[in-house]
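*Asks:*
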Amino acid sequence: MSELVNFILGEGEQFRRARLPSLYSDFTLQRYSNPDGFAANTAAWIDALTKAARSGLLPSDGANHDTLLVRTGEILLQSLETKEWGRPLALRAVIDEAVCQRSMIPYQEFITARKSIHSRNWTIQPRWLFSWGLKQLGLLDLSIGVGLLPTASFVILPNVEVRGSYHDHGSFLTLIQEAASKIVNKMGSSSNQIDRIYPMSMFSTEAGKVLKSQNGLTESDLHLILKYLARDKSRIIYDAETVKFKAAGETSSTLTTQDKTIASLKTLIADINLQVAMFSTRISNLSESAQKAIKNKNRTSALAALRSKKLSETILMQRSETLAQLEEVYGKIEQAADQVAIVRVMEASTGVLRNLHAHIGGIDKVEDVIEGLRDEMGKVDEIGGVIEASAQVDSVIDESAVDEELESLERQAKAREEEKGARQTQERLASIATVRKTEDNQPEERKDNPQELSSDRRAPESPMEEGISGLKRLSLDDPRGTAEKA
């Protein structure tokens, strides 16, 4: 099987083995007898051809493969042929359906259309639709040309508008972006006018890198992208040699002499850069050749290599000087373009300031406004002073009443303290009486136990015990206590 068939078979459920007999059969009549089956088969083929073109696997006239175009005919049928299922017999019906759905547009219709393909008034009238209409009316024998596919070219609109990236294992990456938008974002987003001008060859190379075309853009792909960006997106102006990206809000539709000169300068700089690289490589090769000739004792070859080397070095020096001059000129042009942009901004800013000052009304009006503002702010302060004075009058406090209330609170606190002291004294006297009564009832035990007596005479272990011991020593009948009191 061809690489194209292997790619399509590996695209997932739509081309699983059980469906291949139906997909390769002539399912044209299913349009009426089995509309769902017909829609499923045509959708599978359209999707497969779109992805195959995007991957650069569809056959083309040259060595490079188109990614935005599908070329129908015998060569496409041969690429899709397999030993087991043969050729797809309903591929013509698939192309017809793709054109009806506007997934594909005949190449000539796309190129020659004057209006945008997104315009509601834009219509296509290819012979494919004519033949499809005859089939609908029953005026064309459906059995004629079964399996045949006329030679033609069709623009795959989803590939022009959308490009995707697919992982080797078939998972669809989320990075999907319009091809035109990718080119504009990468190549035409600079604010510098000089950077937005490209010679055609440079545009083709850079656009191929942006769209990740391995072998660069084919001539057909390049023509389609240019037409789409200019007509449908209104983002570029171009001719056979120059491409210019429009700035935001730019309405010009033709290239100026200045644009073409800048493109020519870029082309010349690129060419001289290639020459410098070529002569540098040639000088290195001639040096190696001279060294090898000397090792082989071939004096004649060594002299010839050295003469060529000297000549190449002279040319390289000349090219390098020319390149330096051209790059200096290019730098001055960039600087001048920036200065033009700066002057335009300054002019616009001057107009804005002039309009704003006109709205203000001059210095005298500003002074009047400020004076009025000061007066009004003074009124605010006066009103605030009146309000504060009124609040102070309303909040006068009788200090004598406050002093009387404070003295009353102090008297109450003192009475509570005296009452608490008297209560504590009564509790102590009651404790003394209890202790004396206990000692009178147990005199013998204390005499028999001298250690306990000695322990009683020792200092108490706690402040409470110390207080109780002191009260024990006090006695109303003790003459010493009475004398001390006296």
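Numbering that gives the first Met the number 0 puts the first residue of the sequence shown at 0, with every later residue one more than the last.
Cβ coordinates follow ideal geometry from the N, Cα and C atoms, glycine included.
Quantities reported herein were computed from a predicted structural model and do not represent experimental measurements.
1. Does the distance from the CB of I271 to the CB of T313 come in under 8 angstroms?
2. Can you give the Cα-Cα distance for F37 and Q29, rounded to whole angstroms?
3. In its own chain, which residues sit with a C-beta less than 8 angstroms from the C-beta of Q135, not counting the 5 before and 5 after it?
4. Can you find the residues in the same chain that come closer than 8 angstroms, C-beta to C-beta, to V185, ignoring five residues on each side of it along the sequence?
5. Would you mind reading off the limits of the alpha helix (DSSP H) that contains R30?
6. Please check the pair S311 and L285, which I expect to be a contact at CB under 8 angstroms, by giving their CB distance rounded to whole angstroms.
7. Going by the beta-carbon positions, is the gap between T266 and P198 smaller than 8 angstroms?
8. May I ask you to check if the CB of H222 is nearer than 7 angstroms to at least one heavy atom of the ligand NAP?
9. Output the residue ranges of the alpha helix (DSSP H) runs that lie fully inside the region 371-443 and measure 4 residues or longer, sorted by chain position.
10. Which residues in the same chain as L79 place their Cβ atom closer than 7 angstroms to its Cβ, once the five residues preceding and following it in sequence are excluded?
11. With distances taken Cα to Cα, identify the nearest neighbour of Q338 among A323, Q425, Y31 and I193.
12. Which complete alpha helix (DSSP H) runs does the region 249-330 hold, if anything under 4 residues is left out?
13. Quick one: Cα of T250 to Cα of A229, how far?
14. What does DSSP give as the partner residues of R495 in its beta bridges?
15. So, for G72: in the same chain, excluding its five sequence neighbours on each side, which residues have a beta-carbon less than 8 angstroms away from its beta-carbon?
16. Could you give the distance in angstroms between the alpha-carbon of E418 and the alpha-carbon of R427?
17. In this structure, does DSSP put L360 in helix, strand or coil?
18. For K185, which beta-bridge partners are listed by DSSP?
19. Could you give the DSSP three-state label for I341: helix, strand or coil?
20. Have a look at I143 and T41 and give me their C-alpha separation to the nearest angstrom.
21. In three-state DSSP terms, what is G85?
22. With distance defined between alpha-carbon atoms, name the residue in A179, M103, R410 and S59 nearest to I74.
23. Over what stretch of residues does the beta strand (DSSP E) that includes F244 continue unbroken?
24. What is the DSSP secondary structure of H166, reduced to helix, strand or coil?
25. Got a sec? Which residues, its chain only, sit under 6 angstroms from M0 by beta carbon, not counting five neighbours each side?
26. Just mark R343 as buried or exposed, buried being the case when its beta carbon has 16 or more other beta carbons within 10 Å.
27. Extract the residue ranges of the alpha helix (DSSP H) inside the region 194-235, only unbroken runs of 4 or more that lie entirely within it.
28. Taking the beta strand (DSSP E) that I116 belongs to, which residues open and close that run?
29. Between which two residues does the alpha helix (DSSP H) harbouring P20 extend?
30. Shorter than 8 angstroms from the beta carbon of Q107 to some beta carbon of chain D?
31. Nearest CA to the CA of M277: which residue from I382, E83, L315 and L355?
32. Which residues does DSSP pair with I104 in a beta bridge?
*Replies:* The answer reads as follows:
1. Taking a C-beta distance under 8 angstroms as the contact criterion, I271 and T313 do not qualify as a contact pair.
2. Here the alpha carbons of Q29 and F37 stand approximately 5 angstroms from one another.
3. Model confidence at Q135 stands at a pLDDT of 46, short of 50, so the residue's coordinates are unreliable; what they give is reported in the following sentence. Correct list: empty, nothing qualifies.
4. As written in the sequence, residue 185 is Lys, which differs from the Val given in the question. So the list reads E205 and V209, once near-sequence residues are dropped.
5. For R30, the enclosing alpha helix (DSSP H) starts and ends at Q29 to S32.
6. Distance from S311 to L285 at the Cβ level is roughly 7 angstroms; contact confirmed, criterion being Cβ atoms closer than 8 angstroms.
7. In this structure, P198 lies closer than 8 angstroms to T266 by Cβ.
8. Inclusion of the ligand NAP in the displayed structure is not the case, the ligand content being empty and no account of it being possible.
9. List check, alpha helix (DSSP H) in window: 398-440.
10. Here the set comprises L3, V4, R86 and P87.
11. For the options A323, Q425, Y31 and I193, the alpha carbon positioned closest to that of Q338 is the one of I193.
12. Segments of the alpha helix (DSSP H) lying fully in the region 249-330: 256-294.
13. Approximately 12 angstroms, taken between the alpha carbons.
14. It is not possible to answer for residue 495, since the shown part of the chain is limited to 0 through 485.
15. Contacts found: L148, P149, T150 and A151.
16. Approximately 15 angstroms between the Cα atoms of the pair.
17. The amino acid occupying residue 360 in the given sequence is Gly; Leu does not appear at that position. Correct three-state label for G360: coil.
18. Under the DSSP definition of a beta bridge, K185 lacks any partner.
19. Annotated three-state conformation of I341 is helix, per DSSP.
20. Caution is warranted here: a pLDDT of 44 is assigned to I143, below 50, making its placement in the model unreliable, and the coordinate value is therefore given only provisionally. One C-alpha to the other measures close to 20 angstroms.
21. Three-state DSSP puts G85 in a strand.
22. Answer by Cα proximity: S59.
23. Segment T241 to F244, the beta strand (DSSP E) holding F244.
24. Bear in mind that a pLDDT of 34 at H166, under 50, signals an unreliable position, so the number given afterwards is only what the model happens to contain. Note: H166 maps to coil in three-state DSSP.
25. Counting only Cβ-Cβ distances below 6 angstroms, and skipping sequence neighbours, we find T81.
26. That one is exposed.
27. Segments of the alpha helix (DSSP H) lying fully in the region 194-235: 199-209 and 218-226.
28. Neither: I116 is in no beta strand (DSSP E) and is coded neither H nor E.
29. Judged by DSSP secondary structure, P20 falls within the alpha helix (DSSP H) whose first and last residues are L19 to Y23.
30. Of the protein chains in this structure there is only one, and it is not chain D.
31. Out of I382, E83, L315 and L355, L315 has the C-alpha closest to the C-alpha of M277.
32. Per the DSSP secondary-structure output, I104 pairs in a beta bridge with V154.
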